[in-house]
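Participant: Before we start, here is the structure in question, set down as structure tokens.
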Amino acid sequence: MAIPQRERITFLVLLADVLAPWTDAVTAFAVIEGFAVLNVIPVEPARGALTIGCRYSRHGAWWLYHVHSGELIGPANDLAGAARLIRNQMKVAAAA
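Under our numbering, the first residue of the sequence shown is numbered 1, with each subsequent residue one higher.
Next comes the structure, spelled out in structure tokens:
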């Protein structure tokens with residue numbers, strides 16, 4: 001079963017909107033293996049960027065996840081919660 005990109009892109013665009021007020025990171029869209037992803041790039045070069053994807057689960061829900069590790073962030077319909085987790089992960093990575 002093919003999953004349309006429009007839902008995936010909608011959630012990633014909405015996540016980018018939630019992250020837009022941040023002054024310590026910028027976002028950029030890309031395509032990896034045919035799927036849209038959102039790169040969250042810290043302004044400080046020493047910090048690591050995160051690549052966020054959105055995938056459909058077998059249980060009928062969209063989930064945000066870290067593309068490179070496969071680690072789930074949370075349900076795509078909780079964008080504020082996902083943004084908090086992403087920001088915390090960036091802070092932890094910067095402190096390391």
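Glycine included, each C-beta is placed from N, C-alpha and C at the ideal position. The model shown is predicted, which means the values in this text are computed figures rather than measured ones.
Looking only at C-alpha atoms, which of ASN77, ALA20, ALA49 sits nearest to HIS66?
Facilitator: Position 66 of the sequence shown, counted from the first residue, corresponds to residue 66. Among ASN77, ALA20, ALA49, the Cα nearest to that of HIS66 belongs to ALA49.
Participant: List the DSSP bridge partners of ARG55.
Facilitator: Here residue 55 is taken as the residue at index 55 of the sequence shown, counted from 1. Answer by DSSP bridge pairing, in chain order: TRP63.
Participant: Tell me the residue span of the beta strand (DSSP E) that contains ALA36.
Facilitator: Against the sequence shown, residue 36 aligns to sequence position 36. Its beta strand (DSSP E) spans residues 35-42.
Participant: Can you give me the start and stop residues for the beta strand (DSSP E) that THR27 sits inside?
Facilitator: For the purposes of this step, residue 27 is taken as residue 27 along the sequence shown, with counting starting at 1. THR27 -> beta strand (DSSP E) spans 25-32.
Participant: Is GLY81 helix, strand or coil by DSSP?
Facilitator: Here residue 81 corresponds to residue number 81 of the sequence shown, with the count starting at 1. The answer is helix: DSSP assigns GLY81 an H, G or I state.
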